[in-house]
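Heads up: the structure comes next, in structure tokens.
In the numbering used here, the protein residues as written are 27 to 184.
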């Protein structure tokens, strides 16, 4: 039965995003797929982060994050932020970015769009932490399709 559950859950469609947090080049980034809008009034989104990731303390301390939307065909951008930051928070060390207008979290250069979120709730769910963020600002640069698990082959199954 567990194999059947995994097979079915792998059919769910997810976008591939880069979540950034902290301040500037000392912040951190992770590639994420388990992201969803959870409210329209006020606008809120939720991100799920594995419980062993170094980003969790930074998310809790900073109280905010940015979801960077990656365009179709930008798989290499997404891959550059894969995996845990084992050597410390250095994933943004050489990144081109600007500060988001509300939280100051990094917005990566060249992304399709972004949402700047203030964390309003945090819940541990199984082996992940769920961070619910109220969207405080957003920007879009074009109308390209987003990178997805299907169009990129990049799948996260937990």
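Think of the CB as a built atom: it goes at the ideal place given N, C-alpha and C, for glycine as much as any other residue.
With 16 other Cβ atoms within 10 Å as the buried cut-off, status of residue i
i	result
residue 171	exposed
residue 142	buried
residue 66	exposed
residue 129	buried
residue 153	exposed
residue 6	Here the chain has residues from 27 to 184 only, and residue 6 is not among them.
Cβ-Cβ distance between residue i and residue j below 7 Å
i	j	result
residue 158	residue 72	yes
residue 117	residue 54	yes
residue 92	residue 126	yes
residue 175	residue 40	yes
residue 173	residue 42	yes
residue 104	residue 131	no
Distance between residue j and residue i (C-alpha atoms, nearest Å)
i	j	result
residue 74	residue 156	5 Å
residue 101	residue 68	31 Å
residue 38	residue 161	24 Å
residue 61	residue 81	15 Å
Presumed contact (8 Å Cβ cut-off) between residue i and residue j, rounded CB distance
i	j	result
residue 47	residue 85	5 Å
The ligand ADP heavy atom lying under 6 Å from the CB of residue i
i	result
residue 93	No copy of the ligand ADP appears in this structure; indeed no ligand is present at all.
Segments of 4+ residues assigned as alpha helix (DSSP H) that fall wholly inside the region 114-165: Taking only runs of at least 4 residues, no alpha helix (DSSP H) segment lies wholly in the region 114-165.
query: In chain order, which beta strand (DSSP E) runs of at least 3 residues are fully inside the region 69-103?
result: With a minimum length of 3 residues, the unbroken runs of beta strand (DSSP E) contained wholly in the region 69-103 fall at 69-76, 90-95.
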